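Single-structure report; data block below.
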Amino acid sequence: MATIEFTEEQTMLLETAVDFCRKNSPLDGVRRQIELDDSVDAGIWSEMADLGWLGITIPEQYGGLGLSLADVVPIVESMGRHLMGSPYVPTVLAANALVVSGSEAQKNHWLPQIAAGAVASMALTEEDGNWRLQEIQSQGVISGDAVSLSGKKCFVLDAPKAGVIVVSAMIDGAPRLVLVQADQLPTNALTRETVIDETRRSYTLNLEGITVPAVQVLDGADFASIEQAALLLLTAEMAGGLAGVLHVIVDYLTTRKQFDQYIGSYQSLKHPSVQILLSMEACRSHLYHAATLLAGEDANAIESAIRMAKAQGSEAFAFAGDRAVQFHGGFGFTYDCDAQLFLRRALWCQYQFGDAAYHRALLGPLLLDEVS
Amino acid sequence: MTTTQAELKEFEEQADRWFLENKPANPGFILPETFMEVGTDSQFEFLRDWQNKVYENGYVGMAWPKEYGGGGVDQVFQDIATKAMAKHRVPFLPNTIGLNWAGPLILMMGSDADKAKYIKGILSAEDIWCQGFSEPDHGSDLGSAQCKAVKDGDEYVVNGSKIWTSLGSYAKYMILLARTSQQSSSKYAGLSFFLAPMQAEGIEPRPIKKLTGEYGFCQTFFNDARIPASSMMGNEGEGWKVAMATLTFERGAAGGQAGGLAMMDLTIDDIVELARRAKRNGRPAIEDPHVRNELVDLITESKNNSLMAARAKVPALATDWPTAISMSGKLRSSELKRRMCQFAISLQGANGARYVSKDAVDGGMWQRSYLNAFSGTIGGGTTQIQHNIIGERVLGLPKG
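Shown next as structure tokens:
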């Protein structure tokens, strides 16, 4: 298998998505959206559904396009470049969880709705901030044909908009996935969280008092696949974000003068900018390599590529955001400077689903230890 | 020429067997990694004998014309042989300038007499070649070369000096870029290109002692040295064009490079293997969490460098700054190599402080490799200049 493949479909999706996000998410628009309740304008969301983007990973028999996560990558990368907020990623992740772990009935019920534009979300992380998706405290107790949930989930994105949320909980001592519908949430189950990336709409979901039919427990519980999908799409956002923030930097370095010189002529700013450029290219290479491998069978190679991509991208994007603020000098210290938008996004991406050190530790056995 | 898969397969097995059986035994002294680091007569003779043996057995210059000493077969055979050399980690072929630059150049634009005179000696390593492009005052700025060649009858009289002439003390010929006119329209138009005999009176290669304590480079002085006018390649004033052509030979094309291993390269796999053997505080270094973290980071960076070639083949993904990948290859690979060598030393506990000697880990090759790695981060434009170039030409930042 080639190390990086980029198909006709991906090329077209990238072109469309770049235009779409440029048009619909200019940075002043991102700032306006931050002040509103939702992460995206309803009209833009329905345009995204009309473009077929929500059904990309959904098999054709459930109303989707039957493509793969690799085809979602160019879209999410473009959104990341323009800091576009929306429930797109959580919805794709939920659809993917249903495709991988859902029963036929669950897929038949939910996937066509998602393909047509229904929002969905994931509730995986808990208050202790543990990145290991299967080390959770929330419980599900089955009694008859119902399951009663307890515990608290965090970082549930766009939860009030979601028609369905995929919730992880321990059932009979094993981590499982349960579908919770919007109409099964008690009032006050959701509390808005204050998070560093203000383009996100992040919620705490209190599971106390939620009881759902036991048929809403997913048949399978493939947490590895959920994690890989999440890491891949976060890396796509970071690759796009790196390009976006570098444009902000280059624009300022080529227009701002100090001591009668454009500040981009100073090597102390020029050289780190090149470092950011090369780290952006590296991030893109790792990203599309991981996306290419996903179609194959080599589980170790897939896991290595995805964790490497997330580890490299996390550090690169955080560095780029940090330098972007610094290079803007006094203006960089203000809320009005766009650099902070990217830095905040970078910090979100860095700490969701494992930071660089976490993934490097997990890469150790895959890359360093001889297979016995 | 049609070659069947069966023939290729058979040749692959033959080459694999030959390099397995003929890989030279450890000579008892530490070997250089590239032709730029050949510092002693015994190293040089060992490597020249090796290239000669490889040539006598038909594994280098395979695609070069048979009438001049090449193998006259398809390039694909050479690629297979080169791969076998890398696989068995045999020594590199030291006549690097001849095999990769002078030879292809002579095949492309030399006369039949030139080809008959030079090609076989390049392949057999009987005639070692060196390069005379850089000058002490013009590190990477070849166009400003000041070394002068003045025509006098059927000779040119050369004065000046060239620096970083690897194998200068052993070379029979030099590809020389010299200024033949001071009155030309541009600095480039005043340059000419010679295949200069090194044995001419007035040419003196003086070895330069490197930071490793070894020799390997020379500064070559020209003091009224007389070289035949017939040794000029191309016409007077075309030296820049010829030099640029020399530097851009592509593999595989007719009259391309002779093939064969040009360097013993360190890979990240070598560092991982060292981390398994080397001890820190009594335990294998690879068990230390900090070592593991750093190793994974280096593997990630190394993987990235190897992915860049595949990325470059996808134009749809070269969007914002399309020349970033192609312009940064030397910067990325040379800096990674320096850091890998630096890290390899840190795996050795107190023995990190040793240098080339029998008590050192792997004879001290890691320490020496680290010091030699600066040839990559300095030669061909320093890392700092590379950052300026990429910042200005790729990102469009203003010059300082």
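For the record, the sequence lines run as chains A and B. Per the numbering used here, the first sequence starts with residue 1, numbered consecutively. Per the numbering used here, the second sequence starts with residue 1001, numbered consecutively. Just so it is clear, CB atoms sit at the ideal spot from N, CA and C, and this is done for glycine as well. Keep in mind it's a predicted model, so treat the numbers as computed, not measured.
(1) Use the C-beta contact count for K1066(B): other C-beta atoms within 10 angstroms, 16 or more gives buried, fewer gives exposed.
(2) Thinking A1063(B) and Q1078(B) are a contact (beta carbons under 8 Å), I'd like their distance in whole angstroms, please.
(3) What residue range does the alpha helix (DSSP H) around D1152(B) cover?
(4) Just the C-alpha distance for A42(A) and K161(A), rounded to the nearest angstrom, thanks.
(5) Leaving aside the five residues before and after P213(A) along the sequence, list all residues of the same chain whose C-beta is less than 7 Å from its C-beta, in chain order.
(6) Using only the alpha-carbon positions, how far apart do G1379(B) and C1218(B) sit?
(7) Are the beta-carbon atoms of G30(A) and D222(A) separated by less than 8 Å?
(8) For Y358(A), would you say it is in contact with chain B, using Cβ-to-Cβ distances shorter than 8 Å as the test?
(9) Is D1320(B) close to chain A? Criterion is C-beta to C-beta, closer than 8 Å.
(10) Quick check on D385(A): buried or exposed, where buried means 16 or more other Cβ atoms within 10 Å of its Cβ?
(11) If we count the other Cβ atoms within 10 Å of its Cβ and call it buried at 16 or more, is G151(A) buried or exposed?
(12) Can you tell me whether Y335(A) is buried or exposed, with buried defined as 16 or more other CB within 10 angstroms of its CB?
(13) Do I4(A) and Y288(A) have their C-beta atoms within less than 8 Å of each other?
(14) Given that K270(A) touches chain B, what residues does it touch there, using C-beta distances under 7 Å?
(15) Which of the three DSSP states is assigned to Q258(A) in this structure?
(16) Restricting to Cα atoms, I'd like to know which of L179(A), L67(A), L54(A) is closest to V92(A).
(17) From which residue to which residue does the beta strand (DSSP E) around Q352(A) run?
(18) Between the Cα of A70(A) and the Cα atoms of A305(A), Q10(A), M308(A), H82(A), which residue gives the shortest distance?
(19) Which residues, taken in chain order from the segment 1289–1309 of chain B, show a beta carbon closer than 8 Å to some beta carbon of chain A?
(20) Determine the burial state of E60(A): buried for a count of at least 16 other Cβ atoms within 10 Å of its Cβ, exposed for fewer.
(21) With C-beta atoms as the reference, is I1128(B) less than 8 Å away from G1103(B)?
(22) Note down, in chain order, every chain A residue with its Cβ under 7 Å from the Cβ of L1317(B).
(23) The alpha helix (DSSP H) with D1224(B) in it runs from where to where?
(24) For F155(A), does the three-state DSSP call read helix, strand or coil?
(25) At the level of alpha carbons, what is the spacing between G1252(B) and N1100(B)?
(26) Do A282(A) and the ligand HEM come close, with the Cβ less than 7 Å from some heavy atom?
(27) For Q312(A), I'd like the list of residues in its chain whose CB is within less than 7 Å of its CB, leaving aside the five on either flank, ordered along the chain.
(28) I'd like the list of long-range same chain contacts for I1345(B), defined as Cβ closer than 8 Å, with 5 residues on each side in sequence excluded.
(29) In the DSSP output, which residue or residues are listed as bridge partners for M1232(B)?
(30) Helix or strand or just coil, what does DSSP make of M170(A)?
(31) For a contact defined as C-beta to C-beta under 7 Å, what are the partners of A243(A) on chain B?
(32) Put M1062(B) into one of helix, strand or coil per three-state DSSP.
(33) Between A1324(B) and chain A, is the shortest Cβ-Cβ distance under 8 Å, so that the two count as touching?
(34) With burial defined as no fewer than 16 other Cβ atoms inside 10 Å of the residue's Cβ, what is the status of R1277(B): buried or exposed?
(35) Check the Cβ-Cβ distances between E1250(B) and every residue of chain A, and say whether any is below 8 Å.
(36) Ends of the beta strand (DSSP E) at T211(A)?
Inspection of the coordinates gives the following:
(1) Taking the second sequence and counting its residues from 1, the one referred to as residue 1066(B) is at position 66. It is exposed - the Cβ of K1066(B) has fewer than 16 other Cβ atoms within 10 Å.
(2) As a working note, residue 1063(B) is residue 63 in the second sequence. As a working note, residue 1078(B) is residue 78 in the second sequence. Contact flag correct, Cβ pair sits at about 5 Å.
(3) To locate residue 1152(B), count along the second sequence from 1; it is residue 152. Where D1152(B) is concerned, there is no enclosing alpha helix (DSSP H), although the beta strand (DSSP E) it sits in stretches over 1148–1152.
(4) Along the first sequence, one-based indexing puts residue 42(A) at 42. Along the first sequence, one-based indexing puts residue 161(A) at 161. Looking at the two C-alpha atoms, the distance is approximately 10 Å.
(5) Position 213 of the first sequence, counting from 1, holds the residue named residue 213(A). Closer than 7 Å at Cβ, skipping near neighbours: D145, A146.
(6) As a working mapping, residue 1379(B) is identified with position 379 in the second sequence. As a working mapping, residue 1218(B) is identified with position 218 in the second sequence. Their backbone Cα atoms lie some 14 Å apart in a straight line.
(7) For this step, residue 30(A) is matched to residue 30 along the first sequence. For this step, residue 222(A) is matched to residue 222 along the first sequence. According to the sequence as given, residue 30(A) is Val; it is not Gly. Taking 8 Å as the Cβ cut-off, V30(A) and D222(A) do not qualify as a contacting pair.
(8) Looking up residue 358(A) in the first sequence gives position 358. No, because no Cβ of chain B sits closer than 8 Å to the Cβ of Y358(A).
(9) Taking the second sequence and counting its residues from 1, the one referred to as residue 1320(B) is at position 320. Taking Cβ atoms only, chain A reaches closer than 8 Å to D1320(B), which makes this a yes.
(10) Because chain A is modelled from 1 through 372, residue 385(A) falls outside the range shown and cannot be assessed.
(11) Within the first sequence, the letter at position 151 stands for residue 151(A). So G151(A) counts as buried.
(12) Counting from one through the first sequence, the residue named residue 335(A) turns up at place 335. The residue in question, Y335(A), is exposed, as its Cβ has fewer than 16 Cβ neighbours within 10 Å.
(13) Against the first sequence, residue 4(A) aligns to sequence position 4. Against the first sequence, residue 288(A) aligns to sequence position 288. A contact, by the Cβ cut-off of 8 Å.
(14) Within the first sequence, the letter at position 270 stands for residue 270(A). What K270(A) touches in chain B: H1387, N1388, G1391, L1397.
(15) Within the first sequence, residue 258(A) is the residue found at index 258, counting from 1. Three-state DSSP puts Q258(A) in a strand.
(16) Numbered from 1 along the first sequence, position 92 holds the residue referred to as residue 92(A). Nearest C-alpha to V92(A): L54(A).
(17) Residue 352(A) sits at position 352 when you count from the first residue of the first sequence. Element bounds for Q352(A): n/a, residue is neither H nor E.
(18) As a working note, residue 70(A) is residue 70 in the first sequence. Considering only alpha carbons, the answer is Q10(A).
(19) P1289, R1292, N1293, L1295, V1296, D1297, I1299, T1300, E1301, K1303, N1304, S1306, L1307, M1308
(20) Walking along the first sequence from the start, residue 60(A) turns up at place 60. Result: exposed.
(21) Indexing the second sequence from 1 puts residue 1128(B) at position 128. Indexing the second sequence from 1 puts residue 1103(B) at position 103. In this structure, G1103(B) does not lie closer than 8 Å to I1128(B) by Cβ.
(22) Locating residue 1317(B) in the second sequence gives position 317, where the first residue counts as 1. F6, R284, Y288, listed in chain order.
(23) Counting from one through the second sequence, the residue named residue 1224(B) turns up at place 224. Counting along the chain, D1224(B) falls outside any alpha helix (DSSP H), though it belongs to the beta strand (DSSP E) covering 1217–1228.
(24) Your numbering for residue 155(A) matches position 155 in the first sequence. The answer is strand: DSSP assigns F155(A) an E or B state.
(25) Taking the first residue of the second sequence as 1, we reach residue 1252(B) at position 252. Taking the first residue of the second sequence as 1, we reach residue 1100(B) at position 100. Low confidence applies here, because G1252(B) scores a pLDDT of 31, under 50, leaving its location unreliable; read the following figure in that light. The alpha-carbon atoms of G1252(B) and N1100(B) are separated by roughly 12 Å.
(26) As presented, the structure is devoid of all ligands, the ligand HEM included, so that no description of it is given.
(27) The residue given as residue 312(A) occupies position 312 in the first sequence. Once the five neighbours on either side are set aside, the close Cβ partners of Q312(A) are A282, C283, H286.
(28) Locating residue 1345(B) in the second sequence gives position 345, where the first residue counts as 1. Closer than 8 Å at the Cβ level, and outside the excluded window around I1345(B), lie G1352, W1366, Q1367, Y1370.
(29) Along the second sequence, one-based indexing puts residue 1232(B) at 232. Note: M1232(B) sits in a beta bridge opposite F1194(B).
(30) As a position in the first sequence, residue 170(A) is number 170, starting the count at 1. If DSSP states are grouped into helix, strand and coil, M170(A) belongs with the strands.
(31) Translated into positions along the first sequence, residue 243(A) becomes position 243. Per Cβ cutoff of 7 Å: D1320.
(32) Locating residue 1062(B) in the second sequence gives position 62, counting from the first residue. M1062(B): coil per DSSP, three-state reduction.
(33) Walking along the second sequence from the start, residue 1324(B) turns up at place 324. It does; some Cβ of chain A falls within 8 Å.
(34) Counting from 1 along the second sequence, the entry for residue 1277(B) is found at position 277. By the 10 Å Cβ count, R1277(B) comes out exposed.
(35) Position 250 of the second sequence holds residue 1250(B). Bear in mind that a pLDDT of 40 at E1250(B), under 50, signals an unreliable position, so the model cannot answer this.
(36) Looking up residue 211(A) in the first sequence gives position 211. Element bounds for T211(A): 210–213.
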